[in-house]
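Undergrad: In our numbering, the protein residues as written are -9 to 596.
All C-beta atoms, glycine included, are put in the ideal place defined by N, C-alpha and C.
Small disclaimer: the values here were computed from a predicted structure and weren't measured.
#1: Buried or exposed, going by whether 16 or more other CB atoms sit within 10 Å of the CB of residue 162?
#2: Is it true that the CB of residue 93 sits closer than 8 Å to the CB of residue 597?
#3: Residue ranges of each beta strand (DSSP E) run of no fewer than 3 residues wholly in the segment 474 to 519, ordered along the chain?
#4: For residue 232, is the classification buried or exposed, using 16 other Cβ atoms within 10 angstroms of its Cβ as the cut-off for buried?
#5: Which residue comes first and which comes last in the alpha helix (DSSP H) that contains residue 601?
#6: Just mark residue 566 as buried or exposed, buried being the case when its beta carbon has 16 or more other beta carbons within 10 Å.
#7: For the ligand SAM, any of its heavy atoms closer than 7 Å to the Cβ of residue 106?
#8: Quick check: what's the CA-CA separation for residue 433 versus residue 139?
#9: Excluding the five sequence neighbours on either side, which residues of its own chain have a C-beta within less than 8 Å of the C-beta of residue 14, listed in chain order?
#10: Is the beta carbon of residue 428 closer than 8 Å to that of residue 415?
#11: Return the CA-CA distance between residue 368 and residue 122, expressed in angstroms with no decimal places.
#12: Between which two residues does the alpha helix (DSSP H) holding residue 77 run?
#13: Out of 487, 406 and 538, state which residue places its alpha-carbon closest to the alpha-carbon of residue 447.
#14: Closest to residue 392 by C-alpha separation, out of 385, 384 and 373, would be which residue?
#15: Based on Cα-Cα distance, which residue from 209, 512, 45 and 337 lies nearest to residue 32?
#16: Near residue 364, which residues of its chain fall below 6 Å by C-beta distance, leaving aside the five closest residues on each side in sequence?
#17: Counting only runs that start and end within the segment 221 to 297, where is the alpha helix (DSSP H) found for 4 or more residues in a row?
#18: Among 9, 141, 102 and 36, which residue has its Cα nearest to the Cα of residue 56?
#19: Report all residues from its chain with a CB closer than 6 Å to the CB of residue 360; omit the five preceding and five following residues, and keep chain order.
#20: So what's residue 146 in DSSP terms, helix, strand or just coil?
#21: If we ignore side chains and look at the alpha-carbon of each, how far apart do residue 41 and residue 109 end up?
#22: Put residue 152 into one of helix, strand or coil per three-state DSSP.
#23: Would residue 576 and residue 542 be called neighbours here (beta carbons separated by less than 8 Å)?
#24: Determine the direct distance from the alpha carbon of residue 97 to that of residue 490, and round the result to whole angstroms.
#25: Which residue wins for smallest C-alpha separation from residue 22, given the options 168, 116, 35 and 280?
#26: Using the DSSP secondary-structure output, state which residues sit across from residue 379 in a beta bridge.
#27: Label residue 6 either buried or exposed according to how many other C-beta atoms from any shown protein chain fall within 10 Å of its C-beta, with 16 as the threshold for buried.
#28: Compare the C-alpha of residue 311 against each of 299, 294, 383 and 126 and name the closest.
#29: Let me know the secondary structure DSSP gives residue 445 once reduced to three states.
#30: Output yes or no for whether 8 Å exceeds the beta carbon distance between residue 172 and residue 357.
#31: Give me, in chain order, the residues of the same chain whose beta-carbon lies closer than 7 Å to that of residue 235; leave out the 5 immediate sequence neighbours on both sides.
#32: Secondary structure at residue 524, three-state DSSP: helix, strand or coil?
#33: Cβ atoms of residue 569 and residue 124: under 8 Å apart, would you say?
#34: Give me the Cβ distance between residue 250 and residue 206, rounded to the nearest whole Å; I'm assuming they're in contact under 8 Å.
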């Protein structure tokens, strides 16, 4: 008896429309008709989201391997107000080396047509224009690769596959000294060291912040130790000076920490394997044997190097004596929860600054300024959660930031915050509890460094360092408050069936060798929204009960599934983890739905 695979559901793909138009196409407007005959992967992303950046990196190999049959289309779907600006999307496409066409969809028109609920989401369209799969989160590229291989064979046989070049047209390179610099450091010599992120280099500048002394790194993506010309980085970010004069570098896309000897220019690797950390990976051990996940900044605090591990919403430490790494704070859940380090929640920590008794951090996705004290307790100075942001000065408990990436300790005990998406430098003073604005009209500032009485700001999207005199009085700005613009899902009060849809990729099965292979964690903002159904369990379906007295809120859903190759003859089957966090804004109405489907992988047939 022959076993035939179940026929895939075929849904006609909605057209790709977005008010911002197309990038990386040489000015051509693309339609699905132009893509007929190709396998198409539509990547719904937004440039603030670390998981989206991970998927961009995952897709590179797939694009290269199937370049004559596959077209990846990025659909940029903004979360923050700043991300709806067209120039910001243009910048992000270059910043992250996106080598495929991108549709700028500031009003989420295509997002709604494809019923997307999370960043990132990937939809696969066959050569005849039908959606055949949808995946939310990262870690799905192996499944998509298998599907693309099947589609190639199927449509080659039908005569509906079209080989040849895709529609990507690279932009002209710009001749600037720096290109989307990330972080900066004042060296003992008085020179400045800058991570030139998009060019995969470190650049040493003279005290003027403009004259290039030398470049360190080959300038192409890579992971190699050696001298200043042989060594290679992959989108390096944070920099920290050690007591011996060497520099620790957060080599973000290599998921590694590197060490630079400024005297010789020699680069070595301190921590990381080059692989990305996944649930189930080691959380401590010898530094060169433990996987990391998008380290974004580093700082020396309490005798250890602290790491802003943006990719897993945690803080880790590197011990300079034992050469080990370990989780120091955070659970990997994304959100804003204070308290003991082991129980705190972060959301893409991206900037660190140490004083004698506090480690300050810019927690970008919650638009928050937070700190860790000497006893390991986590506190929040500014910020309320994942969905509130804006530009508002005044008392810290009502002040607003927008996706800050950097924080700098000032001599008087206050801190300056690189308030990235507000294009501003802000200041928080713990003595008064007030937030003020130091400077505006800075294009995506990502870090700042004190040089004497001046502060030098990394103006990332202007590709330069900008020197400011620390003003005695803050500039007053008009208050603006925003919430995430996604439309709320209308749900009925009372019972709500939550279904996380996961279909193991072809040729794979759920991995149950070490117990349950799935995990579902549910919580809500405000907590009173959920009367029943919060917490963790192994079943991907759950009955929730929503409080009729709470008119609206956000359901936080985190799902994980592990699958392995289903071949009894293979002693060590390849296994993959699929993982996604959703924040679903909901509004309670009597006519609302009583079922909430969230697609982790597959198609919702319910």
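TA: Walking through what the data contain:
#1: Here residue 162 refers to the residue found at position 172 when the chain shown is read from its first residue. Exposed, since its Cβ has fewer than 16 Cβ neighbours within 10 Å.
#2: As displayed, the chain neither begins before -9 nor continues past 596, which places residue 597 out of reach and without an answer.
#3: Counting only runs that start and end inside the segment 474 to 519, the beta strand (DSSP E) elements of at least 3 residues fall at 479 to 481, 484 to 492, 498 to 500 and 508 to 515.
#4: The sequence position of residue 232 within the chain shown is 242, counting from 1. Around the beta-carbon of residue 232, fewer than 16 other beta-carbon atoms lie within 10 Å, marking it exposed.
#5: As displayed, the chain neither begins before -9 nor continues past 596, which places residue 601 out of reach and without an answer.
#6: As a working mapping, residue 566 is identified with position 576 in the chain shown. Residue 566 should be labelled buried.
#7: This structure does not include the ligand SAM; it has no bound ligands of any sort.
#8: Residue mapping note: residue 433 aligns to position 443 of the chain shown, counting from 1. Residue mapping note: residue 139 aligns to position 149 of the chain shown, counting from 1. Taking the straight line joining both Cα atoms gives about 43 Å.
#9: Numbered from its first residue, the chain shown carries residue 14 at position 24. Here residue 14 has 83, 88, 89, 90, 91, 92, 158, 159, 160 and 161 as same chain residues with Cβ atoms under 8 Å from its own Cβ, once five neighbours each way along the sequence are excluded.
#10: Mapped onto the chain shown, residue 415 falls at position 425. Mapped onto the chain shown, residue 428 falls at position 438. Cβ distance < 8 Å, so residue 415 and residue 428 count as in contact.
#11: Numbered from 1 along the chain shown, position 378 holds the residue referred to as residue 368. Numbered from 1 along the chain shown, position 132 holds the residue referred to as residue 122. Spanning the alpha carbons of residue 368 and residue 122 requires a straight line of approximately 44 Å.
#12: Along the chain shown, read from residue 1 onward, the residue named residue 77 stands at position 87. 76 to 85 is the extent of the alpha helix (DSSP H) around residue 77.
#13: Within the chain shown, residue 447 is the residue found at index 457, counting from 1. With distances taken between Cα atoms, residue 447 lies closest to 406.
#14: Stepping through the chain shown from its first residue, residue 392 is reached at position 402. Comparing Cα positions, the closest option is 373.
#15: One-based indexing of the chain shown puts residue 32 at position 42. When each option's Cα is compared against that of residue 32, the closest is 45.
#16: Mapped onto the chain shown, residue 364 falls at position 374. Excluding sequence neighbours, residue 364 sits near 347.
#17: Whole alpha helix (DSSP H) segments, 4+ residues: zero.
#18: As a first step, residue 56 must be located in the chain shown, where it is residue number 66. It is 141.
#19: In the chain shown, counting from the first residue as 1, residue 360 sits at position 370. So the list reads 351, 353 and 370, once near-sequence residues are dropped.
#20: Position 156 of the chain shown, counted from the start, is the residue given in the question as residue 146. Note: residue 146 maps to helix in three-state DSSP.
#21: Locating residue 41 in the chain shown gives position 51, where the first residue counts as 1. Locating residue 109 in the chain shown gives position 119, where the first residue counts as 1. If you take the alpha carbons of residue 41 and residue 109, they lie about 7 Å apart.
#22: One-based indexing of the chain shown puts residue 152 at position 162. The answer is coil: DSSP assigns residue 152 none of H, G, I, E or B.
#23: Locating residue 576 in the chain shown gives position 586, where the first residue counts as 1. Locating residue 542 in the chain shown gives position 552, where the first residue counts as 1. Result yes, Cβ atoms of residue 576 and residue 542 sit closer than 8 Å.
#24: The residue labelled residue 490 in the question sits at position 500 within the chain shown. The residue labelled residue 97 in the question sits at position 107 within the chain shown. Taken atom to atom, the span from the alpha-carbon of residue 490 to that of residue 97 is near 26 Å.
#25: Within the chain shown, the letter at position 32 stands for residue 22. Nearest neighbour of residue 22 by Cα position, chosen from 168, 116, 35 and 280, turns out to be 116.
#26: In the chain shown, residue 379 corresponds to position 389, counting from 1. Looking at the DSSP output, residue 379 bridges to 472.
#27: Within the chain shown, the letter at position 16 stands for residue 6. Around the beta-carbon of residue 6, 16 or more other beta-carbon atoms lie within 10 Å, marking it buried.
#28: Here residue 311 refers to the residue found at position 321 of the chain shown. The residue with the shortest Cα to Cα distance from residue 311 is 294.
#29: On the chain shown, position 455 is the one that residue 445 refers to. Residue 445 falls in the strand class under three-state DSSP.
#30: For the purposes of this step, residue 172 is identified with residue 182 of the chain shown, where counting begins at 1. For the purposes of this step, residue 357 is identified with residue 367 of the chain shown, where counting begins at 1. No, the pair does not count as a contact, with Cβ atoms beyond the cut-off.
#31: Stepping through the chain shown from its first residue, residue 235 is reached at position 245. Short of 7 Å from the beta carbon of residue 235, and not among the five residues preceding or following it, lie these beta carbons of its own chain, in chain order: 178 and 252.
#32: As a first step, residue 524 must be located in the chain shown, where it is residue number 534. For residue 524, the three-state secondary structure derived from DSSP is coil.
#33: As a position in the chain shown, residue 124 is number 134, starting the count at 1. As a position in the chain shown, residue 569 is number 579, starting the count at 1. No, Cβ-Cβ distance for residue 124 and residue 569 is not below 8 Å.
#34: Residue mapping note: residue 250 aligns to position 260 of the chain shown, counting from 1. Residue mapping note: residue 206 aligns to position 216 of the chain shown, counting from 1. With a Cβ gap of about 7 Å, residue 250 and residue 206 count as contacting.
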